[in-house]
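Reminder that position 326 of the sequence shown reads as 334 in my numbering, one-by-one numbering, no gaps. To start, the structure under review is shown below, and the notes come after it.
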Amino acid sequence: MEVAERTDEAHARWRAVVEVARAHGLEHVGVAPADVMHRARQALLERAAAGLHDTMQFTYRNPERSTDPQRAVASAASIVVAAAPYLLDDPGMPTDADGHAVPAARVARYAWVDHYTPLRTGLRAVARHLRRAGHRAVVFADDNSLVDREAAWLGGLGWFGKNANLLLPGAGSWFVLGSVVTTADLPVSTPVADGCGACRRCLDACPTGAIVGPGVIDARKCLAWLLQRPGVMPRQWRVAVDDRIYGCDDCQEVCPPTIRFGPRDVAPTTAPGTEVQAWVPVLDLLNADDQSIIERYGRWYLHRRQPRWLRRNALVVLGNVGDGRHEPTVRVIARHLGDDADPVLQAHAVWAAARLGRHDLLADLVARGSASAEVAEELALIGEVEPRRVTP
Numbered sequence: 009m010e011v012a013e014r015t016d017e018a019h020a021r022w023r024a025v026v027e028v029a030r031a032h033g034l035e036h037v038g039v040a041p042a043d044v045m046h047r048a049r050q051a052l053l054e055r056a057a058a059g060l061h062d063t064m065q066f067t068y069r070n071p072e073r074s075t076d077p078q079r080a081v082a083s084a085a086s087i088v089v090a091a092a093p094y095l096l097d098d099p100g101m102p103t104d105a106d107g108h109a110v111p112a113a114r115v116a117r118y119a120w121v122d123h124y125t126p127l128r129t130g131l132r133a134v135a136r137h138l139r140r141a142g143h144r145a146v147v148f149a150d151d152n153s154l155v156d157r158e159a160a161w162l163g164g165l166g167w168f169g170k171n172a173n174l175l176l177p178g179a180g181s182w183f184v185l186g187s188v189v190t191t192a193d194l195p196v197s198t199p200v201a202d203g204c205g206a207c208r209r210c211l212d213a214c215p216t217g218a219i220v221g222p223g224v225i226d227a228r229k230c231l232a233w234l235l236q237r238p239g240v241m242p243r244q245w246r247v248a249v250d251d252r253i254y255g256c257d258d259c260q261e262v263c264p265p266t267i268r269f270g271p272r273d274v275a276p277t278t279a280p281g282t283e284v285q286a287w288v289p290v291l292d293l294l295n296a297d298d299q300s301i302i303e304r305y306g307r308w309y310l311h312r313r314q315p316r317w318l319r320r321n322a323l324v325v326l327g328n329v330g331d332g333r334h335e336p337t338v339r340v341i342a343r344h345l346g347d348d349a350d351p352v353l354q355a356h357a358v359w360a361a362a363r364l365g366r367h368d369l370l371a372d373l374v375a376r377g378s379a380s381a382e383v384a385e386e387l388a389l390i391g392e393v394e395p396r397r398v399t400p
């Protein structure tokens, strides 16, 4: 009888949590046990040992911590997990004052607007509700203290797709994930069975072959990571970057459960005045100062808050989508080839110039040489750069 009463209390507590979550727009919620996530820990350790994480830190930094909810909240009993949709309509590529297309770079959908703030708002409401009832409760979202996808799987929100994204039944993967680790005793949800079957569209669609096995990503090839990683962009993947400047959605855009999303799983309309940053005008970014870039794009992950990494990506994009006959494009590349240019950016400007067939822009730099190892290496390899084909 006592066990039944405790079970009834846990279910009543859970119904109240669901009510709070849904009142704040969180339709997809579940409960995971607050136990060590042994499967995720083993995967992190094995993939790090194989070098698949590259230099990525995040949950790889301390697998013992990121897979143990007790490290987050002592005596935790449950993890409330939630998924918030981030699918929005594409506002279209930017144009100039005359309505003509300008060189532009794509942004991954999750970064078009800030989807984590409304997610955290809902999770904080749940946490406040639990704290008022006498329980400890701490919110985690996009946090290296907890492997959120594993918690969401354990909490019954979805299954792991072969692209390593969590796929929600009937909704797909256009979701950001978060959790509330709590001492409240809540009824644990049942994990969702695999729904991918024999499908391998994501593996075949990855532009660099970064999905090296079902659910296994080699970060050394993953464009989403390479566009955030500091340093020189690996030459073998620059053409594959194409027009991407932040993130990559290719493995989601071919996923059947994801492209057949339900209408209720479209992100809520953004607040008036919110800029939907689906595209970045490349020349504007390359002509902007540091403060302007941080003000506009600073909510994205930039290593050590340095705009140089976005500029580096923009130069690669310019080499892939630009036109060497376009004077504003030529001026931007020439400026980044100047003596006072950042060596990392100068190196990528060398590649962009060669890619657009503007070897004439490199004549002075070749003649005087460079003290920068990065630039010297680029100059030595300009003959190997695949020229971009531009329609006459």
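Cβ atoms here follow ideal geometry from the backbone N, Cα and C, with glycine treated the same way.
For this session: Between the Cα of L185 and those of L345, G142, L165, spot the shortest distance and give me the residue it belongs to.
Result: Position 177 of the sequence shown, counting from 1, holds the residue named residue 185. Nearest option by C-alpha distance: L165.
Exercise. Taking Cβ positions, are V352 and L194 nearer each other than 8 Å?
Worked result: The residue you call residue 352 lines up with position 344 of the sequence shown. The residue you call residue 194 lines up with position 186 of the sequence shown. No.
For this session: Whole angstroms is fine: what's the gap from D257's alpha carbon to H46's?
Result: Taking the sequence shown and counting its residues from 1, the one referred to as residue 257 is at position 249. Taking the sequence shown and counting its residues from 1, the one referred to as residue 46 is at position 38. In a straight line, the C-alpha of D257 is about 29 Å away from that of H46.
For this session: Pick helix, strand or coil for V28, following the three-state DSSP scheme.
Result: Start at 1 with the first residue of the sequence shown, and residue 28 comes out as number 20. Note: V28 maps to helix in three-state DSSP.
Problem set entry | Strand pairing of F148, partner residues [DSSP] | What you label residue 148 is simply residue 140 of the sequence shown in a count that begins at 1. S187, per the DSSP bridge assignment.
Exercise. On the three-state DSSP scale, how would you describe G327?
Worked result: Here residue 327 refers to the residue found at position 319 of the sequence shown. G327: helix per DSSP, three-state reduction.
Exercise. By Cβ distance below 6 Å, which residues in the same chain neighbour W22 in space, the five residues on each side in sequence not counted?
Worked result: Numbered from its first residue, the sequence shown carries residue 22 at position 14. Within the same chain, W22 has close Cβ partners L194, P195.
Problem set entry | N295 classed as buried or exposed, judged by whether at least 16 other C-beta atoms fall within 10 angstroms | Taking the sequence shown and counting its residues from 1, one reaches residue 295 at position 287. By the 10 Å Cβ count, N295 comes out exposed.
Exercise. Beta-carbon of Y309 versus every beta-carbon of chain D: anything under 8 Å?
Worked result: The chain labelled as chain D is not found in the depicted structure, where only one protein chain is given.
Exercise. In three-state terms, what does DSSP make of P177?
Worked result: What you label residue 177 is simply residue 169 of the sequence shown in a count that begins at 1. Looking at P177 - three-state DSSP - the assignment turns out to be coil, as it is neither helix nor strand.
Exercise. From the DSSP output, which residues share a beta bridge with Y254?
Worked result: In the sequence shown, counting from the first residue as 1, residue 254 sits at position 246. Note: Y254 sits in a beta bridge opposite V115.
Exercise. Since V37 and A29 are thought to touch, with beta carbons under 8 Å apart, how far apart are those beta carbons, to the nearest angstrom?
Worked result: In the sequence shown, residue 37 corresponds to position 29, counting from 1. In the sequence shown, residue 29 corresponds to position 21, counting from 1. Their Cβ separation, rounded to whole angstroms, is 5 Å, which keeps V37 and A29 in contact under 8 Å.
Problem set entry | C-alpha gap between R319 and W182, whole angstroms | If you number the sequence shown from 1, residue 319 lands on position 311. If you number the sequence shown from 1, residue 182 lands on position 174. Their backbone Cα atoms lie some 27 Å apart in a straight line.
Exercise. Could you give the distance in angstroms between the alpha-carbon of A113 and the alpha-carbon of R304?
Worked result: Looking up residue 113 in the sequence shown gives position 105. Looking up residue 304 in the sequence shown gives position 296. Going by the C-alpha atoms only, they are around 15 Å apart.
For this session: Specify the secondary structure class of P457 as computed by DSSP and reduced to three states.
Result: Since the displayed the chain opens at 9 and closes at 400, residue 457 lies outside it and no answer follows.
Problem set entry | DSSP state of V224 mapped onto helix, strand, coil | As a first step, residue 224 must be located in the sequence shown, where it is residue number 216. Here V224 sits in strand by DSSP.
For this session: Would you list the one or two residues that DSSP bridges to V89?
Result: Residue 89 sits at position 81 when you count from the first residue of the sequence shown. Answer by DSSP bridge pairing, in chain order: G38, S187.
Exercise. Buried or exposed: D389, going by 16 or more other Cβ atoms within 10 Å of its Cβ?
Worked result: Locating residue 389 in the sequence shown gives position 381, counting from the first residue. Residue 389 is actually Leu in this sequence, not Asp. Result: exposed.
Exercise. Shortest alpha-carbon distance to V121 belongs to which of D331, D372, V288, V44?
Worked result: Within the sequence shown, residue 121 is the residue found at index 113, counting from 1. Minimum Cα distance to V121 is reached at V288.
For this session: Note down, in chain order, each residue of its chain lying with its Cβ closer than 7 Å to the Cβ of D97, except the 5 sequence neighbours on either side.
Result: Your numbering for residue 97 matches position 89 in the sequence shown. None.
For this session: Kindly indicate which residue of R268, V284, P315 has the alpha-carbon position closest to the one of G100.
Result: What you label residue 100 is simply residue 92 of the sequence shown in a count that begins at 1. Checked all of R268, V284, P315; the closest Cα to G100 is V284.
Problem set entry | D292 beta carbon less than 8 Å from that of P315 | As a first step, residue 315 is located in the sequence shown; it is residue number 307 there, counting from the start. As a first step, residue 292 is located in the sequence shown; it is residue number 284 there, counting from the start. Their beta carbons are not under 8 Å apart, which means P315 does not touch D292 by this criterion.
Exercise. In the structure shown, what three-state DSSP assignment does A105 receive?
Worked result: Start at 1 with the first residue of the sequence shown, and residue 105 comes out as number 97. Three-state DSSP puts A105 in coil, outside helix and strand.
Exercise. Are the CB atoms of A145 and A135 nearer to each other than 8 Å?
Worked result: In the sequence shown, counting from the first residue as 1, residue 145 sits at position 137. In the sequence shown, counting from the first residue as 1, residue 135 sits at position 127. A contact, by the Cβ cut-off of 8 Å.
For this session: Can you tell me the Cβ-Cβ gap for L387 and A357, rounded? I've got them flagged as a contact below 8 Å.
Result: For the purposes of this step, residue 387 is taken as the residue at position 379 of the sequence shown. For the purposes of this step, residue 357 is taken as the residue at position 349 of the sequence shown. In fact, because the Cβ distance is near 11 Å, the residues do not count as touching under 8 Å.
Problem set entry | Straight-line Cα distance separating A92 from R128 | Indexing the sequence shown from 1 puts residue 128 at position 120. Indexing the sequence shown from 1 puts residue 92 at position 84. Those two C-alpha atoms are separated by around 10 Å.
Exercise. Tell me which same chain residues have a C-beta within less than 7 Å of the C-beta of W233, skipping the five on either side of it?
Worked result: For the purposes of this step, residue 233 is taken as residue 225 along the sequence shown, with counting starting at 1. Taken in chain order, the residues that qualify are D62, M64, A227.
For this session: Note down, in chain order, each residue of its chain lying with its Cβ closer than 7 Å to the Cβ of T191, except the 5 sequence neighbours on either side.
Result: For this step, residue 191 is matched to residue 183 along the sequence shown. Around T191: V81, S83, A84, A85, H143, R144.
For this session: For the beta strand (DSSP E) containing V288, list its first residue and its last residue.
Result: The residue given as residue 288 occupies position 280 in the sequence shown. Note, V288: beta strand (DSSP E), 287-289.
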